[in-house]
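Chemist:
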Amino acid sequence: MAFVVGQGGKKLVLSFAAKKWKDFKSTLTRHHILPFIKEKEKLSQPPEIYKFIEKADWDAIVASRLSEKFVSVHFEQSQRREKLEYNHRLSRKGYAGLEDQLEETMPGVEIDRSTLWKKAREDKHSNIPDPKDELQKQVSESTLTVSGSNDVLTMTLGPEHPGRVRGVGAGISTKQYFNLPKQQRVKFADQLKESVRLVLQEETLKMEARTKQLVEAERENLLSQLSQLFPNFDPSMLKLKTNPCQIQGQEQSPKNPMLDKASCSGALDVRALHFEDDTAKNGEKQDEMNTEVPNYSKLELPSSLQSLCRYAETTLKPQEKTMTFTIEKEVFGIDCTTFVLHEDIT
Numbered sequence: 001m002a003f004v005v006g007q008g009g010k011k012l013v014l015s016f017a018a019k020k021w022k023d024f025k026s027t028l029t030r031h032h033i034l035p036f037i038k039e040k041e042k043l044s045q046p047p048e049i050y051k052f053i054e055k056a057d058w059d060a061i062v063a064s065r066l067s068e069k070f071v072s073v074h075f076e077q078s079q080r081r082e083k084l085e086y087n088h089r090l091s092r093k094g095y096a097g098l099e100d101q102l103e104e105t106m107p108g109v110e111i112d113r114s115t116l117w118k119k120a121r122e123d124k125h126s127n128i129p130d131p132k133d134e135l136q137k138q139v140s141e142s143t144l145t146v147s148g149s150n151d152v153l154t155m156t157l158g159p160e161h162p163g164r165v166r167g168v169g170a171g172i173s174t175k176q177y178f179n180l181p182k183q184q185r186v187k188f189a190d191q192l193k194e195s196v197r198l199v200l201q202e203e204t205l206k207m208e209a210r211t212k213q214l215v216e217a218e219r220e221n222l223l224s225q226l227s228q229l230f231p232n233f234d235p236s237m238l239k240l241k242t243n244p245c246q247i248q249g250q251e252q253s254p255k256n257p258m259l260d261k262a263s264c265s266g267a268l269d270v271r272a273l274h275f276e277d278d279t280a281k282n283g284e285k286q287d288e289m290n291t292e293v294p295n296y297s298k299l300e301l302p303s304s305l306q307s308l309c310r311y312a313e314t315t316l317k318p319q320e321k322t323m324t325f326t327i328e329k330e331v332f333g334i335d336c337t338t339f340v341l342h343e344d345i346t
């Protein structure tokens with residue numbers, strides 16, 4: 001398996017992969033090894049949820065975690081963690097999700113890293129021992145000047161640790177955060193949203209093209225059926241409206257598969273068929289008809305018969321025309337011609 005990584009992104013991808021690998025080993029240690037130090041028989045096999053781990057690899061990691069050196073380092077780091085005064089409470093949302101949330105709930109307010117740091121450590125009652133409020137107040141009143149890395153958070157908590165920046169999330173270095181103009185600090189969330197928007201736009205165009213193809217195919221199928229029913233049928237007399245989706249709230253009969261097919265996505269809506277006579281085709285204005293055309297779509301008829309009934313009502317009846325059929329010799333033994341009036345159809 002191979003992954004295509006953009007130019008300049010190799011270091012970032014490898015750093016994220018290293019972080020995930022470290023988290024996985026930490027999960028094994030905290031949940032599947034250390035709790036069973038006194039029950040070593042339970043450590044003889046890998047956990048059920050991690051059956052892909054080879055027995056030799058599992059034995060190696062168990063041995064390393066039970067060594068005196070690891071136990072000593074683990075105890076030292078645990079003691080250091082207990083001294084942490086401000087606990088992080090963001091969980092999976094992260095600083096990017098928090099910033100998006102604050103931009104919606106605090107419009108017009110500049111969200112700096114001191115605000116993010118504080119909000120990330122508030123409890124469910126929005127309480128936190130906060131020595132920064134007075135400094136933030138002085139900054140807003142222009143009685144305190146901040147510059148570069150010497151901002152409110154640095155004044156409160158002390159200088160930044162090398163390699164990371166407090167209050168902005170993982171993957172951001174001090175050089176990236178403090179040395180770039182604010183307008184160039186494009187958030188990862190914004191980049192992700194733009195990427196998703198472009199993908200959705202591309203997929204929408206593909207779906208529209210596919211729908212258009214389906215509609216055209218259904219139209220050709222309907223015209224083919226009408227041509228088989230009526231040898232003298234002129235396709236140019238048929239004006240089609242297409243509806244890519246069924247009208248909301250319009251009921252369909254479950255016993256009529258043709259109606260269901262005609263109302264699904266990309267299919268033809270038989271109720272939207274219109275017919276034009278020869279005079280309308282030549283550009284002349286057709287006289288308005290006062291006769292109300294029945295709604296055949298409510299009848300349990302195949303779509304081809306609905307089209308035929310509508311053709312009879314809108315064309316044959318107003319113009320007092322007939323439909324001529326030539327019956328081949330194989331039917332009655334002789335060639336003959338028959339005529340159909342609109343009364344015979346409707």
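Here the sequence shown is numbered in UniProt numbering, starting from 1 and rising by one per residue.
For each residue, glycine too, the CB sits at the ideal point set by N, CA and C.
Just so it is clear, the structure is predicted and the values come from calculations on it, not from any experiment.
For valine 340, which of helix, strand or coil comes out of DSSP?
Modeler: strand
Chemist: For leucine 207, which residues does DSSP report across the bridge?
Modeler: Looking at the sequence shown, residue 207 is not leucine but methionine. Methionine 207 pairs with nothing; no bridge assigned.
Chemist: What are the start and end residues of the alpha helix (DSSP H) that includes glutamate 68?
Modeler: 68-82
Chemist: Just the Cα atoms here: how many angstroms apart are serine 78 and leucine 66?
Modeler: 16 Å
Chemist: DSSP on isoleucine 61, reduced to helix/strand/coil?
Modeler: helix
Chemist: Quick check: what's the CA-CA separation for threonine 322 versus cysteine 309?
Modeler: 13 Å
Chemist: Using a threshold of 9 Å, state whether the C-beta atoms of glutamate 99 and leucine 84 are closer than that.
Modeler: no
Chemist: Buried or exposed for leucine 28, going by 16 or more other Cβ atoms inside 10 Å?
Modeler: buried
Chemist: Excluding the 5 residues flanking arginine 89 on each side, which residues of the same chain have their C-beta closer than 8 Å to its C-beta?
Modeler: Ala120, Arg121, Glu122 and Asp123
Chemist: Terminal residues of the continuous alpha helix (DSSP H) containing residue 348?
Modeler: No answer is possible for residue 348: the residues shown for the chain start at 1 and end at 346.
Chemist: Is the number of C-beta pairs between the segment 13-31 and the segment 47-66 that are closer than 8 Å three or more?
Modeler: yes
Chemist: When you compare each of Ile53, Glu41 and Leu12 to phenylalanine 24 by their alpha carbons, which one comes out closest?
Modeler: Of the listed residues, the one whose Cα sits closest to phenylalanine 24 is Ile53.
Chemist: Quick check on threonine 105: does DSSP put it in helix, strand or coil?
Modeler: helix
Chemist: Glutamine 201 to arginine 166, Cα distance in whole Å?
Modeler: 36 Å
Chemist: Tell me whether the beta-carbon of threonine 314 lies closer than 9 Å to the beta-carbon of threonine 324.
Modeler: no
Chemist: Please find out if some non-hydrogen atom of the ligand ATP comes closer than 8 Å to the beta-carbon of phenylalanine 36.
Modeler: The ligand ATP is not part of this structure, which contains no ligands at all.
Chemist: CB histidine 74 to CB leucine 14, shorter than 9 Å?
Modeler: no
Chemist: Among all the DSSP beta bridges, which residues are the ones paired with isoleucine 327?
Modeler: Its beta-bridge partners are Cys336.
Chemist: Of the choices Asn127, Ile111 and Ala18, whose alpha-carbon is the least far from that of asparagine 87?
Modeler: Asn127
Chemist: Quick check: what's the CA-CA separation for threonine 326 versus alanine 217?
Modeler: Computed Cα separation, rounded: 29 Å.
Chemist: Please report the distance separating the alpha-carbon of glutamine 319 from that of glutamate 194.
Modeler: Separation of glutamine 319 and glutamate 194 (C-alpha to C-alpha, rounded to the nearest whole angstrom) is 58 Å.
Chemist: Is histidine 88 helix, strand or coil when you go by DSSP?
Modeler: coil
Chemist: Cα separation between valine 5 and valine 196?
Modeler: 18 Å
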